[in-house]
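Worksheet for the structure shown next.
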Amino acid sequence: MDLKEIYWLDELSKEHNDIVGKKCANLGELVKLGLRVPYGFALSVKAYETFMEQTGLKEKVVQIVEKETKAGLDVDKDIDKMIEMSANIREAIEGYDMPPDLARQIGSYYTELQRKVGIADVPCAVRSSGAVSMPGQMETYLNVKGESEIIKHVQKVWGSAFTTRAIVFRIQNNMPISWAPIGVAVIMMIEARSAGVILTVLPTIGDLDRAIVEGNFGLGESVVSGEITPDSFVVHKHEMNIESRSVAAKTKMVVYSDAGTTVEEVPLEFRTAPCVDDKEILEIVRVAKDVEKHFGNPQDMEWAVDKRFGFPENIFWVQARGAKYTKKDARKDEEYVIDLMLQLFRR
Amino acid sequence: MKIYDCVPGLEFDESVDFAISPCWFQDATHSVPPWTPMFGWFWINFCRHGMQYGAELLSLPTVKGWDWRFKDGAGYLALLIVKDPNERKAREERFRVAIKPFIEDFGGMWQGFVGEMVGRYEKLKALDLDEATNIQLLNNFEETINTCRRMWEIHMYMMYGVYTAFVLFEQMTKQLLGIDDTSPQFHKLTSGFDNKSFQVDKGLFDLAKKAQAMGLKDVFLSTSASNMRNALKPSQKGQEFLKVFDDFMEKEAGWRMERMAEINVPTWLEDPAPALNVIKMGLEKGIDYNLDEARKKLEAERIAAEKEVLEKIAPEQKSWFKMILKLAQNSAWFSEEHNHYLDLYTHAMIRRSALGLGKRFVKAGTIDNPEDIFFIIPDEVRQAGINPDMFNLRPLINRRKADWQGWCERGSAPMFMKEGFSIEEAMKGLVESLDPIALKVVVGTMPVARPGLKADLFGVCGSPGVIEGKVKVVWSESELSKIEKGDILVAPTTSPSWTPVFSLLGGVIVDRGASLSHAAIVGREFGIPVVMNTFEGTKILKDGMTVRLDANMGAIYILNK
Chain A
1 MDLKEIYWLD
11 ELSKEHNDIV
21 GKKCANLGEL
31 VKLGLRVPYG
41 FALSVKAYET
51 FMEQTGLKEK
61 VVQIVEKETK
71 AGLDVDKDID
81 KMIEMSANIR
91 EAIEGYDMPP
101 DLARQIGSYY
111 TELQRKVGIA
121 DVPCAVRSSG
131 AVSMPGQMET
141 YLNVKGESEI
151 IKHVQKVWGS
161 AFTTRAIVFR
171 IQNNMPISWA
181 PIGVAVIMMI
191 EARSAGVILT
201 VLPTIGDLDR
211 AIVEGNFGLG
221 ESVVSGEITP
231 DSFVVHKHEM
241 NIESRSVAAK
251 TKMVVYSDAG
261 TTVEEVPLEF
271 RTAPCVDDKE
281 ILEIVRVAKD
291 VEKHFGNPQD
301 MEWAVDKRFG
311 FPENIFWVQA
321 RGAKYTKKDA
331 RKDEEYVIDL
341 MLQLFRR
Chain B
1001 MKIYDCVPGL
1011 EFDESVDFAI
1021 SPCWFQDATH
1031 SVPPWTPMFG
1041 WFWINFCRHG
1051 MQYGAELLSL
1061 PTVKGWDWRF
1071 KDGAGYLALL
1081 IVKDPNERKA
1091 REERFRVAIK
1101 PFIEDFGGMW
1111 QGFVGEMVGR
1121 YEKLKALDLD
1131 EATNIQLLNN
1141 FEETINTCRR
1151 MWEIHMYMMY
1161 GVYTAFVLFE
1171 QMTKQLLGID
1181 DTSPQFHKLT
1191 SGFDNKSFQV
1201 DKGLFDLAKK
1211 AQAMGLKDVF
1221 LSTSASNMRN
1231 ALKPSQKGQE
1241 FLKVFDDFME
1251 KEAGWRMERM
1261 AEINVPTWLE
1271 DPAPALNVIK
1281 MGLEKGIDYN
1291 LDEARKKLEA
1301 ERIAAEKEVL
1311 EKIAPEQKSW
1321 FKMILKLAQN
1331 SAWFSEEHNH
1341 YLDLYTHAMI
1351 RRSALGLGKR
1361 FVKAGTIDNP
1371 EDIFFIIPDE
1381 VRQAGINPDM
1391 FNLRPLINRR
1401 KADWQGWCER
1411 GSAPMFMKEG
1421 FSIEEAMKGL
1431 VESLDPIALK
1441 VVVGTMPVAR
1451 PGLKADLFGV
1461 CGSPGVIEGK
1471 VKVVWSESEL
1481 SKIEKGDILV
1491 APTTSPSWTP
1501 VFSLLGGVIV
1511 DRGASLSHAA
1521 IVGREFGIPV
1531 VMNTFEGTKI
1541 LKDGMTVRLD
1551 ANMGAIYILN
1561 K
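Chains A and B supply the protein sequences, listed in that same order.
Numbering of the first sequence is given in the working numbering, commencing with residue 1 and proceeding in unit increments.
Numbering of the second sequence is given in the working numbering, commencing with residue 1001 and proceeding in unit increments.
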C-alpha cells in the first residue's frame, strides 16, 4: 500500500489501523457502512515522519535524548531529567515551522473540509489517534478554527507523544524514547443540539424485535455515562412505530468548552421537551437496523443531532459496536442456536 | 444356474450410476476387508436407508443423505446434494422445527431409542433357536431384518442431528475463541463423560481385579486365553469366577464382535477368548489404571476448561454458547455409546438369528456349515426357510464363496470416478455438501506440515498431550496382545473392541480419522495423546522404533532412525 500523508476518513478502513490509528480507522469503517460521521481527515504516521525528517527534528530529538540518557536514566529517581527532556522536545516540535509542502496539503484538506461542511473556518477537534493506546498520548484540542491554528495543533498533538508520562511508559516497556509516530485526526466539531445512544435490542430482556433510543440535550456523554435520566423511546423494529415514550425532566447537559467539556443547566423551557422528534427517532432506528443487518448482531451506537443542519443531514454517528444484552429465556436461545445451525448450511 | 446380485438393485453399475454422481467413494473404514454377501446386503440396504431417513426427518437443507452401492464386497457412497436454492429454503424451514428435540432433550430422546432397541433385542433373544420351529426361526430372521432397518434409522437420525450441533460448536469456538477441533483445549471441553462402552470396559477391569483377589492370577498368566475356560473349571474359585464372568458377558459385554461392521466373526458371548485376553493382559501388565479416577480427572479438567472458556465469551453470548457446548458434549459421548447399543448389538443379533437358521439348514442337509449362510442374502434364505429339507443351497453358496475369496485376494477399488473427473473435484463435492457426517467422520482435517518442527510425520491432534514410546503397528485385534504398557499404537484406524487396550497405551497414531472417530474420542477419555490423518503412519513407522508424539502440534519424531 502506497502511504499518503493525509487521508479523508472515507478512504480508511480497519487495514489502516497502523498508519492512522484506531480512532480514525473505526470512523472510516462507519463511513463504509453508509453512516454519516463527522467530516474530517487524518494525518498518517507518514506525515509525522516527513515532518520530523524535513525539519531535522528527528536528529535533534535523538540528540536531546542522548544528552539526557548518557549518564543512564533511572525512571524512579531522574524524574526531573525526564520532565526537562519532555519540555525540550515538545518545545522543539511545536516551535518548528511545518514544512511548506505538508502545510500546503493540510491547508487544502482543511479548505475542502470547509466546503464539504459548508461552514467557513469550521471548528474542529484535533486529537491523537494511536495504533495502540499509550498513556499520555491522549491530547485532544477542541474548537480549533482556521488553517494556521489547525497546523499549530497538529504539531501540538505530535509533541504530546513526548509528555513525561509517555516517555516513562516507553522506557518501562523497552521502547525507543526518541521515535514515537502517531496519527492525528482533524474532525469537524458537532454542534450537538442533542445526542445519545441506540440499542437495536432491549438489553434487559433481550427482545430482538425492538430498539431503544435514549438521548439528552447537548453532547452524548451525559447519556453514555449514565449520570442523568435520559429521554427514552422504544421502537418496534419491523412495524417502525414508536411504542413507548418516556420524556425525562432533564436538568443538566454536557457542552463543549474551550478546555474540553463542561456541564451546563438545561434551559427551563426545554427541560420537559423531548430531545428528538419522531422523524429523527425513526431515522436513527432505520440506520441502526442497517448496521445490525450488516454485522448480523444487535448494535450499540452513538448518535448526535447537529443544530446547524436540516433533517436528515443533521444526524451524525460517532460509534458503533456489538450490543451487550441478556436473552429473555431459553426459547430465545434455542431459536438463536437454530439460526446459527442454518448458517452452517449456507456457507 | 443364474447367480443373482448380492444387493439387488444396488450393485454398482457405471453405465447408470455415474449419472447420479461422477464419483463414488469406497467406505474403507467399514468395508475393508470385503464384506460377506449377507452383511453387504444388510449394510448397503439399511445404512443407505437410514441416512436418507435421518436427513429427511431432519430436513437437512443441503443434503438428502447418501446413496450407496455394492461392488466386490465393498460399499461405495455418493452424497445426494440439494441443488435447487428454493428447495434448500423450504428444507431450512422444516429443519427449524425438526432439530428442536435435539436441543431440548437429547438425553431423553436417546434413552427412548435405547429402550426401543433393547426391547427389540430382548424379544429376538427370547427365542430358543435350537427348540424353535422353522417358521419361528424365519420370523425371528425377518424381525432381525426389521430391527436392523430400524437401528439405522435411529442411528443416522441421531447422528445427523448431533453432528450438526458439533460442527456448529466447532465454528463458534473458531469464531469466538480462535480454537478448532484440533486444539487441546477444544478436546478438554468435550471429554470426561461416562458412556455405556466405557462401563463395559470398566467391567472387564473390575473382573481382572476380582481374579487377582480370588487368587487366580497364576492360572491366567500360565494359560492361553482360548484355553482359559478349561483351566478355570476344575477349581471352585475358578467356577465362581466363570459364573460372574458369564453373567457379565450375557448381560453387558457379550454382544459385540471384533469387527464392528461384519457378522462372520464370533461374538464375545460365543467365544469369550478376546474378553478373557483383556483380563489376562490386565493381570500381566498391571492393572494400576483406574478408569474412575481417570474419568474424574478429565471431568475436573473439563470443568476448568469450561470456566476458562466462558470467561472469554461476552456476557450476552454466554447462555446460547453454553447451549451449543452442551450439544457438542452430547456428540462426544453419543459417538462412543451408540456403537454399543446400535451397530455392535444389532450385528450380533443378525449373526445370532442367521446362525440359528444356518444350523437348521445344516441339519436339514441344505448347506454344509452354519456359517455358510453368510454367503447368501435374505431372499435366498427365504427360499429354503420353511422347508430347508426340500432345497439345496450349496451351488449358490459355492459360487458366492468363490466370489468372496476373489474379492479378498484382489481387494477393492478405493473409488470409482467418471473419466475426466478429478479427485480434487470429488473432495470439493464432499465439502460442499456440508454434510456433517461427511465432514466429521469421513474427511476430517488435513494435516499441515510445519517444516520448522523438523518432524518425521505430521497429522492432526485428536487428543492432546506429548509422549515418547515404542511403536507397535497393529492391523487387527489378534495383534493387540503384543502391546506393552506405554507403547504407541500405530494403526490404519481403531475399532470399538480395541478400547480396553487404550488403558495400556502411551499414545495412538492413526492413518485416518476425524475429531469424532473412535481413536480420538477414546484417546481423549483415557487422557492419552492421539494424532490422526497421518495417512502414512502405518507405512513409515515400524515396530522397534521409538517415537516422540507431540499431539498438540500434530508432530511425530522418530528418535532412533
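We treat Cβ as the ideally placed atom computed from N, Cα and C, and that holds for glycine.
Under the three-state DSSP convention, the category residue i falls into
| i | result |
| --- | --- |
| tyrosine 256 of chain A | strand |
| histidine 238 of chain A | coil |
| glycine 1054 of chain B | helix |
| tyrosine 48 of chain A | helix |
| valine 287 of chain A | helix |
| arginine 245 of chain A | strand |
| phenylalanine 1012 of chain B | coil |
| threonine 1546 of chain B | strand |
| leucine 202 of chain A | strand |
| glutamate 944 of chain B | Not covered by the structure: residue 944 of chain B. The range shown for chain B is 1001 to 1561. |
| methionine 1532 of chain B | strand |
| cysteine 1408 of chain B | helix |
| tyrosine 1562 of chain B | For chain B, the structure presents residues 1001 to 1561; residue 1562 of chain B sits outside this window and is missing. |
| threonine 229 of chain A | coil |
| serine 160 of chain A | helix |
| alanine 273 of chain A | coil |
| asparagine 143 of chain A | strand |
| valine 126 of chain A | strand |
| isoleucine 1376 of chain B | coil |
Neighbour list for residue i in chain A, Cβ cutoff strictly below 7 Å
| i | result |
| --- | --- |
| arginine 1096 of chain B | Ile338 |
| valine 1441 of chain B | Here the premise fails: no neighbours, minimum Cβ distance about 16 Å. |
Beta carbon proximity, residue i to chain B, threshold 8 Å
| i | result |
| --- | --- |
| phenylalanine 345 of chain A | yes |
| methionine 253 of chain A | no |
| glutamate 334 of chain A | yes |
| methionine 341 of chain A | yes |
Buried or exposed (CB count within 10 angstroms, at least 16 for buried), residue i
| i | result |
| --- | --- |
| threonine 1534 of chain B | buried |
| threonine 1173 of chain B | buried |
| serine 160 of chain A | buried |
| proline 1496 of chain B | buried |
| leucine 1541 of chain B | buried |
| aspartate 1568 of chain B | Past the boundaries of the shown model lies residue 1568 of chain B; chain B is included only from 1001 to 1561, so the question cannot be answered. |
| cysteine 1047 of chain B | buried |
| glutamine 155 of chain A | buried |
Any chain A beta carbon closer than 8 Å to residue i
| i | result |
| --- | --- |
| glutamine 1171 of chain B | yes |
| valine 1471 of chain B | no |
| tryptophan 1320 of chain B | yes |
| isoleucine 1437 of chain B | no |
| leucine 1434 of chain B | yes |
Within chain B, partners of residue i - CB distance below 7 Å
| i | result |
| --- | --- |
| lysine 324 of chain A | Ala1314, Pro1315, Glu1316 |
Chain A contact residues for residue i, given Cβ-Cβ distances below 9 Å
| i | result |
| --- | --- |
| glutamate 1468 of chain B | Correct list: empty, because the minimum Cβ distance to chain A is about 38 Å. |
| isoleucine 1179 of chain B | Going along chain A, no residue has its Cβ under 9 Å from isoleucine 1179 of chain B, so there is no contact; the nearest lies around 17 Å. |
Residue i beta carbon near the ligand COA (any heavy atom closer than 7 Å)
| i | result |
| --- | --- |
| glutamate 1014 of chain B | Judged by which ligands are present, the structure shown has none, so any question about the ligand COA falls away. |
*Residues of the stretch 192-216 of chain A whose Cβ lies closer than 7 Å to any Cβ of chain B, in chain order*: none
*Anything in the stretch 1059-1075 of chain B with a Cβ closer than 9 Å to a Cβ of chain D? List those residues in chain order, please.*
The structure shown contains no chain D; its protein chains are A and B.
*Can you list, in chain order, the residues of the stretch 1320-1336 of chain B whose Cβ is nearer than 7 Å to any Cβ on chain A?*
Trp1320, Met1323, Ile1324
*Would you list, in chain order, the members of the stretch 1144-1174 of chain B that have their beta-carbon closer than 8 Å to a beta-carbon of chain A?*
Thr1164, Ala1165, Val1167, Leu1168, Gln1171, Met1172
*Could you name the residues of the stretch 1083-1107 of chain B whose beta carbon sits closer than 8 Å to any beta carbon of chain A, in the order they occur along the chain?*
Result list: Arg1088, Glu1092, Phe1095, Arg1096, Ile1099, Lys1100, Ile1103, Glu1104.
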